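Chains as they are written, first to last, in our numbering: chain F, 130 to 362; chain U, 9 to 354. For each residue, glycine too, the CB sits at the ideal point set by N, CA and C. Note that this is a predicted model, so its numbers are computed, not measured. Heads up: the structure comes next, in structure tokens.
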Amino acid sequence: MILRRCCCLLFLVPLLLRAGTTPIPIHFEHVVGERPLRFDTTMYQNEQHQPYAISMVRYYVSAIRLHCEGNEDVTSEKFFLVDASDSTTTTITLPRVPIGTYRSISFTIGVDSAHNCSGPQEGVLDPIRGMFWAWNTGYIFMKVEGTSPVSPSPGHLVEVHIGGFRQPYNNIARIELPIVEDPVRGIYVRVDVGAILQTLDLSSVSSITTPAAAAPITALYPRVFHIIRSTER
Amino acid sequence: MSPRILAALLVVSLIAYATSEENPTMRIEARDVVPTLPKRFGKPVYDLRSSRISVDGFLLGRELFYDQILSRDSSTSCGSCHQHFAAFGHVDHTLSHGIDGRIGKRNVPAIQNEIWSSTFMWDGGVTHMDLQPIAPITDTSEMGETLDRVIKKLSASTKYRRMFRSAFRTETITTYHMLKALSQFIALMVSADARYDRMMEHRDVYTDQEQRGLLAFRARCAACHREPLFTDGSYRNNGIGMDTALRDVGRFAITADPADSLKFKVPSLRNVDRTYPYMHDGRFRTLRAVLDHYGRGTFFGRSPDPALKSTVGMKEHEKKDILAFLLTLTDSTFLHDRRFVDPNIR
Chain F
130 MILRRCCCLL FLVPLLLRAG TTPIPIHFEH VVGERPLRFD TTMYQNEQHQ
180 PYAISMVRYY VSAIRLHCEG NEDVTSEKFF LVDASDSTTT TITLPRVPIG
230 TYRSISFTIG VDSAHNCSGP QEGVLDPIRG MFWAWNTGYI FMKVEGTSPV
280 SPSPGHLVEV HIGGFRQPYN NIARIELPIV EDPVRGIYVR VDVGAILQTL
330 DLSSVSSITT PAAAAPITAL YPRVFHIIRS TER
Chain U
9 MSPRILAALL VVSLIAYATS EENPTMRIEA RDVVPTLPKR FGKPVYDLRS
59 SRISVDGFLL GRELFYDQIL SRDSSTSCGS CHQHFAAFGH VDHTLSHGID
109 GRIGKRNVPA IQNEIWSSTF MWDGGVTHMD LQPIAPITDT SEMGETLDRV
159 IKKLSASTKY RRMFRSAFRT ETITTYHMLK ALSQFIALMV SADARYDRMM
209 EHRDVYTDQE QRGLLAFRAR CAACHREPLF TDGSYRNNGI GMDTALRDVG
259 RFAITADPAD SLKFKVPSLR NVDRTYPYMH DGRFRTLRAV LDHYGRGTFF
309 GRSPDPALKS TVGMKEHEKK DILAFLLTLT DSTFLHDRRF VDPNIR
């Protein structure tokens, strides 16, 4: 009898532990400047007054880490492929986050060098996803494609493919954003796609598809990724 | 019955026998998929332990290698360009040929001893053997297909569903398993039984001329074409100058480092007699022309490789001896290995 009671208690232990955790969704909201991102039909303008439309925004998010005040950080080793046109991919949920005070979130835009170097991968890293350079082995960390009437490329295409994991063109980027809510229930990250095309002269640089060419673009990430304080939205 | 008719009947029945499904000489057994790993070659770069070769995996890889289904218009297979009798290079074409009669950018390289290589392609852009096939499959002037469509086509095929099931115990066909199967086929493409190898293992002896050729080769060429793989895997500007049509910058396109401009990977010289034409753009039709280039000492480009110094001033008799030596790198065992024969040729 006592033994049975002990067993019951043992079963309760994980439940008790889990009671102190909560799922935290991370929402990625895509905008161009102040306007929401709409594909293909909406024209935007960069600072050179060049009009453009966006047709694709995809990027890898990995190594997510919630930095905890006074407790252990929460980390995720998974890879996520966010596709701005697919709402099933724009929210990443960390399933069991201990309730606590978190001061910041950090994540990688890209794929670490180990996963670039160790042969074919599966799941969201399957090269079938089109986020892979076949001629210069490695993942495309971020793809922004669209059109601009000023682009000299066939079909007036504009393409920015950011990748490259080797020095001197290591474009694996770490983003860290502050969290101000306490307790945090959801994290809203605003992704300003416009910031990537904002300073480019699309009439001469309409195609960026090498690690070297993409390197200056990653420097713009602080203008691309912002946190929105909006759990009460 | 006359002896002539008897002989003809014998030949016909032999051919019928050789091409029948049950032909025991064409059957692949477990011992056939054990890779040859000569000690002299060192430890393979490719991890054979985590990517074990099975009979079913090898057979699937071979089927894929020779199947045009991998190309957009079902015209081109890996084997279309990579011909067994040419050490899986392509004789006579200066540049690769692809779908819709398109012409590619570079001379088809041989496929041999790839498990000892850490980079692939003339510019070394591909850094893992498993990932190499994606490049020709998706290149618009080679096989011009998307991985998405390849996997859809394979998944729609009863034959491939069965073969993937036997090889990987999987019901869903994925890029991962397709690439692993191709690697199981390619990993076995080991050339290690040329007369050179037998001489090194004291199973054969060189003629005087071949021996002189070996010594001249070691003095003149081996700085880059290092034995026993006959490449050191490095990238070098061999001084032939930029081609005028494609203006191929070589390794520079991968690294964006000006020092890499016009550098290409040193190709292995194994089976070199069978892989003409030569150089990344196939500009030389004969080995003689290659030796003439190196011997002449007129090198183009900003920074011809310093090692080229050793080739300058090659004497006529040295060239002849080196040519005789190069022929000893032809590996008939490899070129006639029954395991690599297109299974669908009847």
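#1: Which of the residues in the stretch 108-137 of chain U, read from start to end, lie with their CB under 7 Å from any CB of chain F?
#2: Pull the bridge partners of residue 205 of chain F from the DSSP assignment, please.
#3: Taking 8 Å as the threshold (beta carbon to beta carbon), is residue 298 of chain F in contact with chain U?
#4: Report yes or no: do three or more beta-carbon pairs, one from the stretch 186-200 of chain U and one from the stretch 120-130 of chain U, lie closer than 8 Å?
#5: Are the beta-carbon atoms of residue 213 of chain F and residue 275 of chain F separated by less than 8 Å?
#6: Can you look up residue 336 of chain U in the DSSP assignment and give me helix, strand or coil?
#7: Check whether the Cβ of residue 284 of chain F lies closer than 8 Å to any Cβ atom in chain U.
#8: Given that residue 341 of chain F touches chain U, what residues does it touch there, using C-beta distances under 7 Å?
#9: Residue 84 of chain U touches chain F at which residues, Cβ-Cβ below 8 Å?
#10: Tell me the rounded alpha-carbon separation between residue 317 of chain F and residue 329 of chain F.
#11: Could you check whether the stretch 134-142 of chain U touches the stretch 171-190 of chain U, counting it as contact only if at least three pairs of C-beta atoms, one from each stretch, sit closer than 8 Å?
#12: Using a Cβ-Cβ cut-off of less than 7 Å, list which residues of the stretch 262-275 of chain F approach chain U; keep chain order.
#13: Please report how far the alpha carbon of residue 98 of chain U lies from the alpha carbon of residue 62 of chain U, in whole angstroms.
#14: Does residue 337 of chain F come out as helix, strand or coil in the three-state DSSP assignment?
#15: Residue 143 of chain U CB to nearest chain F CB: under 8 Å?
#16: Could you check whether residue 279 of chain U and residue 337 of chain U sit closer than 8 Å to each other, using their CB atoms as the reference points?
#17: When the Cα atoms are used, what is the spatial distance from residue 252 of chain U to residue 234 of chain F?
#18: Mind checking residue 154 of chain U: buried by the 16 CB within 10 Å criterion, or exposed?
#19: Below 8 Å on C-beta distance, what does residue 159 of chain U contact in chain F?
#20: In the structure shown, what three-state DSSP assignment does residue 186 of chain F receive?
#21: In three-state terms, what does DSSP make of residue 308 of chain U?
#22: Look at residue 239 of chain F and residue 175 of chain F and say whether their C-beta atoms are less than 8 Å apart.
#23: Using beta-carbon positions only, say whether residue 336 of chain F and residue 288 of chain F come within less than 8 Å of one another.
#24: Could you round the C-beta distance between residue 339 of chain U and residue 174 of chain U to whole angstroms and report it? I think they count as a contact, below 8 Å.
#25: Enumerated in chain order, which unbroken segments of the beta strand (DSSP E) with a length of 3 residues or greater are wholly contained in the stretch 291-317 of chain F?
#26: Determine the closest residue to residue 273 of chain F out of F:303, F:291, F:283, with distance taken between C-alpha atoms.
#27: Measure from the C-beta of residue 224 of chain F to each C-beta in chain U and report whether the shortest distance is under 8 Å.
#28: Please tell me whether residue 248 of chain F has its Cβ less than 8 Å away from any Cβ of chain U.
#29: What is the rounded straight-line gap between the Cα of residue 185 of chain F and the Cα of residue 237 of chain F?
#30: Which first and last residues belong to the beta strand (DSSP E) in which residue 151 of chain F is found?
#31: What residue range is occupied by the uninterrupted alpha helix (DSSP H) comprising residue 242 of chain F?
#32: Shortest alpha-carbon distance to residue 201 of chain U belongs to which of U:157, U:58, U:335?
#33: Can you list the residues of chain U that residue 251 of chain F reaches, using a CB-CB cut of under 7 Å?
#34: Just grab the DSSP bridge partners of residue 271 of chain F for me.
#35: With distance defined between alpha-carbon atoms, name the residue in U:248, U:206, U:128, U:107 nearest to residue 313 of chain U.
Walking through what the data contain:
#1: 133, 134, 135, 136
#2: To locate residue 205 of chain F, count along the first sequence from 1; it is residue 76. Residue 205 of chain F pairs with F:193.
#3: As a first step, residue 298 of chain F is located in the first sequence; it is residue number 169 there, counting from the start. Closer than 8 Å to some Cβ of chain U, the Cβ of residue 298 of chain F qualifies, so yes.
#4: yes
#5: Numbered from 1 along the first sequence, position 84 holds the residue referred to as residue 213 of chain F. Numbered from 1 along the first sequence, position 146 holds the residue referred to as residue 275 of chain F. Not in contact: residue 213 of chain F and residue 275 of chain F (Cβ atoms no closer than 8 Å).
#6: What you label residue 336 of chain U is simply residue 328 of the second sequence in a count that begins at 1. Coil.
#7: The residue labelled residue 284 of chain F in the question sits at position 155 within the first sequence. Taking Cβ atoms only, chain U never reaches closer than 8 Å to residue 284 of chain F, which makes this a no.
#8: Counting from 1 along the first sequence, the entry for residue 341 of chain F is found at position 212. By Cβ distance, chain U contributes 264.
#9: As a position in the second sequence, residue 84 of chain U is number 76, starting the count at 1. In chain order: nothing, as chain F lies at least about 16 Å away.
#10: Position 188 of the first sequence holds residue 317 of chain F. Position 200 of the first sequence holds residue 329 of chain F. Going from the Cα of residue 317 of chain F to the Cα of residue 329 of chain F covers about 27 Å.
#11: yes
#12: 263, 264, 265, 266
#13: Along the second sequence, read from residue 1 onward, the residue named residue 98 of chain U stands at position 90. Along the second sequence, read from residue 1 onward, the residue named residue 62 of chain U stands at position 54. Taking the straight line from one Cα to the other gives about 28 Å.
#14: Against the first sequence, residue 337 of chain F aligns to sequence position 208. Here residue 337 of chain F sits in strand by DSSP.
#15: Numbered from its first residue, the second sequence carries residue 143 of chain U at position 135. With 8 Å as the cut-off, residue 143 of chain U counts as an interface residue toward chain F.
#16: For the purposes of this step, residue 337 of chain U is taken as residue 329 along the second sequence, with counting starting at 1. For the purposes of this step, residue 279 of chain U is taken as residue 271 along the second sequence, with counting starting at 1. The answer is yes: Cβ separation under 8 Å.
#17: The residue given as residue 252 of chain U occupies position 244 in the second sequence. The residue given as residue 234 of chain F occupies position 105 in the first sequence. Answer to the nearest angstrom: the Cα atoms are 53 Å apart.
#18: Here the question's residue 154 of chain U lines up with position 146 in the second sequence. Result: exposed.
#19: For the purposes of this step, residue 159 of chain U is identified with residue 151 of the second sequence, where counting begins at 1. Under the 8 Å cutoff, chain F gives 257.
#20: Translated into positions along the first sequence, residue 186 of chain F becomes position 57. Three-state DSSP puts residue 186 of chain F in a strand.
#21: By one-based count along the second sequence, residue 308 of chain U stands at place 300. Coil at residue 308 of chain U, not helix or strand.
#22: One-based indexing of the first sequence puts residue 239 of chain F at position 110. One-based indexing of the first sequence puts residue 175 of chain F at position 46. Contact flag unset, no.
#23: Start at 1 with the first residue of the first sequence, and residue 336 of chain F comes out as number 207. Start at 1 with the first residue of the first sequence, and residue 288 of chain F comes out as number 159. It is a contact, given that the beta carbons lie within the stated cut-off.
#24: On the second sequence, position 331 is the one that residue 339 of chain U refers to. On the second sequence, position 166 is the one that residue 174 of chain U refers to. Actually they do not touch by this definition, with Cβ atoms about 31 Å apart.
#25: 302-307
#26: The sequence position of residue 273 of chain F within the first sequence is 144, counting from 1. The candidate whose alpha carbon is nearest that of residue 273 of chain F is F:291.
#27: As a position in the first sequence, residue 224 of chain F is number 95, starting the count at 1. Residue 224 of chain F does not count as touching chain U.
#28: Within the first sequence, numbered from 1, the residue matching residue 248 of chain F stands at position 119. Cβ-Cβ to chain U under 8 Å: yes for residue 248 of chain F.
#29: Within the first sequence, the letter at position 56 stands for residue 185 of chain F. Within the first sequence, the letter at position 108 stands for residue 237 of chain F. So the alpha carbons of these two residues sit roughly 20 Å apart.
#30: By 1-based counting over the first sequence, the position of residue 151 of chain F is 22. Note, residue 151 of chain F: beta strand (DSSP E), 150-161.
#31: Indexing the first sequence from 1 puts residue 242 of chain F at position 113. It spans 242-246 - the alpha helix (DSSP H) in which residue 242 of chain F sits, taken as one unbroken run.
#32: Taking the first residue of the second sequence as 1, we reach residue 201 of chain U at position 193. Ranking the options by Cα distance to residue 201 of chain U, first place goes to U:335.
#33: Here residue 251 of chain F is taken as the residue at index 122 of the first sequence, counted from 1. Those within 7 Å of residue 251 of chain F in chain U are 182, 184.
#34: Reading the first sequence from its first residue, position 142 is the one you call residue 271 of chain F. Answer is F:188, F:291, bridged to residue 271 of chain F.
#35: In the second sequence, the residue the question calls residue 313 of chain U occupies position 305. For the residues U:248, U:206, U:128, U:107, the minimum Cα distance to residue 313 of chain U belongs to U:248.
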